[in-house]
Every structure is written in C-alpha cells, then in structure tokens.
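**Student:** If you're matching positions, the sequence shown starts at -8 in the working numbering and goes up one per residue.
For each residue, glycine too, the CB sits at the ideal point set by N, CA and C.
These numbers were taken from a predicted model, which means no experiment stands behind them.
Take a look at the following structure, please.
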Amino acid sequence: MVHTKDPAPGIWVEIMCGLLGATGAGPNREGGAAHHFIAYNVGAFTDLEGGLRTIWILI
C-alpha cells in the first residue's frame, strides 16, 4: 500500500478546482464555490494494485 505525506496532490487539486474553475482563489473568490473531498475504497471497485497503478498514471 502506498502512503505519502506529500502535500503536492492536495495543492494540485486546490489549484485545479479554484484557479482553473474561474472562481478565483483565496480572498479573491467571486462566487460561492466549494470543494467536495471524499475518500474511496479503491479495493471495493477493482484490484487494489491495478487501481493504484491507474491512479498514479492519471496523476
């Protein structure tokens, strides 16, 4: 199983959702934008090793 304390994926998600969503970022937000984060049990849907490999390829 892969464990990481690297904040880069979270920062990347914030940039993609906030800045590229055209709602602004930080105190310059122009709307009621919100984020939805959820943790999925990948092993419940597919082979865990294959699923993690796919996720890292997509990232």
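(1) Would you mind reading off the limits of the alpha helix (DSSP H) that contains T52?
(2) By Cβ distance, which residues of its chain are closer than 7 Å to L39, with the 5 residues on each side in sequence left out?
(3) Tell me the DSSP secondary structure of I6 in three-state form.
(4) Does the distance from the C-beta atom of P0 to that of I50 stay below 8 Å?
**Tutor:** So, from the listed chains and residues:
(1) In the structure displayed, the chain extends from -8 to 50; residue 52 sits before or after that span and is not available.
(2) Excluding sequence neighbours, L39 sits near V33.
(3) helix
(4) yes
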